[in-house]
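Notes follow the structure.
Residue numbers (full-length UniProt numbering): 1 to 312.
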């Protein structure tokens, strides 16, 4: 029987730098392999965080990122007093929650249905067909939506007569999350199919001997197998409650549906890039990130207490 190497008292008495040198001399190959990923994350994720200070300064482009008068929380107060604040937060939450809930349920249902297909060839064909829309670019997807919903000529628009759903503010949320689920459900169900593939076939045989039907197999064998995976994915998704994607919303947005389609991402772009209010838009983005982080921590804590499933 092998035992794990333990830290010797002599090594424990070494200083931090001595232990670090010993560690690097022993595992330097692994650190070389992971170094490109660490560098990528540092350069593109952590270095840009230096610009967060613009949310607390009156930015002056002639003085660089560190220039400008320090104004504290002034831009956050300005955002909270903004007449658009309630509408923007409401639109963002409505679109995000619908997409989150339906985008969480649909892949699970699809994975359970695909898992019931007996023929491997048919199962592979169905998987390929369902996850192909994931590779369609956002621009092409929005163009397809406009074509399908065109009144009188579109595949769906013909059924609606003269109604143009892209011009109906009340229909924007539905169009967004339905197309979002259709595009990504097949791809997102792959991880659930991987979890289902690890289920011991003996469990199915034992359940069938006890008289279990298809629904009972799904309820008592399949669902318990994917619940831990579903819990982790739900926690990760909770970290983007206010993170509605910019590209698709911006491309679907028009003068007729803007009252329901203006979200934090598009509003930040409109006032930050188009309006050159860099400090104000940075404050809004920071507020968005802080709220998402709070949702992530709360969801992780609830999951850890209720199901012993958590990220940290």
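For each residue, glycine too, the CB sits at the ideal point set by N, CA and C. All of these numbers come straight from a predicted model, not from anything done at the bench.
Rounded to whole angstroms, what's the CA-CA distance from residue i to residue j? Just pull it up for me.
| i | j | result |
| --- | --- | --- |
| residue 294 | residue 311 | 14 Å |
| residue 42 | residue 49 | 10 Å |
| residue 297 | residue 268 | 25 Å |
| residue 112 | residue 97 | 23 Å |
| residue 257 | residue 197 | 44 Å |
| residue 228 | residue 281 | 38 Å |
| residue 3 | residue 29 | Summary for residue 3: the model assigns pLDDT 48, below 50, so the residue's position carries little reliability, and this model does not support an answer. |
| residue 1 | residue 249 | Because residue 1 sits at a pLDDT of 44, beneath the cut-off of 50, its placement in the model cannot be relied upon, and the following sentence gives the value as read from the coordinates. One C-alpha to the other measures close to 59 Å. |
| residue 104 | residue 234 | 7 Å |
| residue 183 | residue 72 | 42 Å |
| residue 86 | residue 292 | 17 Å |
| residue 277 | residue 236 | 31 Å |
| residue 286 | residue 166 | 31 Å |
| residue 7 | residue 309 | With a pLDDT of 49 at residue 7, under the threshold of 50, the modelled position of this residue cannot be trusted; read the value that follows with caution. In a straight line, the C-alpha of residue 7 is about 31 Å away from that of residue 309. |
| residue 62 | residue 279 | 14 Å |
| residue 126 | residue 117 | 9 Å |
| residue 191 | residue 69 | 49 Å |
| residue 141 | residue 157 | 16 Å |
| residue 251 | residue 261 | 10 Å |
| residue 199 | residue 240 | 31 Å |
| residue 153 | residue 159 | 10 Å |
| residue 5 | residue 218 | A caution first: residue 5 carries a pLDDT of 49, below 50, which makes its placement in the model unreliable, though a value can still be read off. Distance between the alpha carbons of residue 5 and residue 218 is about 44 Å. |
| residue 266 | residue 130 | 30 Å |
| residue 299 | residue 289 | 15 Å |
| residue 120 | residue 238 | 34 Å |
Along the chain, where does the alpha helix (DSSP H) that runs through residue i open and close?
| i | result |
| --- | --- |
| residue 261 | 258–261 |
| residue 162 | Careful: residue 162 lies outside any alpha helix (DSSP H) and carries neither H nor E. |
| residue 185 | 172–188 |
| residue 207 | 201–209 |
| residue 143 | 138–148 |
| residue 214 | 214–217 |
Between residue i and residue j, how many whole angstroms is the CB-CB distance? I'm expecting something under 8 Å.
| i | j | result |
| --- | --- | --- |
| residue 99 | residue 242 | Wrong, their Cβ atoms sit about 12 Å apart, outside the cutoff. |
| residue 188 | residue 107 | 4 Å |
Nearest to residue i by alpha carbon, out of the options?
| i | options | result |
| --- | --- | --- |
| residue 230 | 263, 303, 264, 57 | 303 |
| residue 215 | 109, 308, 82 | 109 |
| residue 259 | 63, 169, 71 | 169 |
| residue 194 | 114, 164, 178 | 114 |
| residue 244 | 27, 150, 78, 95 | 95 |
| residue 67 | 80, 90, 52, 150 | 52 |
| residue 174 | 158, 149, 186, 189 | 149 |
| residue 247 | 74, 139, 163, 153 | 139 |
| residue 88 | 58, 307, 284, 289 | 284 |
| residue 55 | 77, 35, 47 | 77 |
| residue 80 | 299, 264, 141, 300 | 264 |
| residue 201 | 210, 221, 120 | 221 |
| residue 177 | 212, 251, 211, 101 | 101 |
| residue 57 | 74, 207, 44 | 74 |
- [ ] Ignoring anything shorter than 4 residues or poking outside the segment 39–119, list the alpha helix (DSSP H) runs there in chain order.
- [x] Fully enclosed alpha helix (DSSP H) runs of 4 or longer: 74–81, 85–115.
TODO: Return the chain-ordered ranges of every alpha helix (DSSP H) run that is complete within the segment 237–296 and spans a minimum of 4 residues.
DONE: Runs of the alpha helix (DSSP H) inside the segment 237–296: 246–252, 258–261, 264–269.
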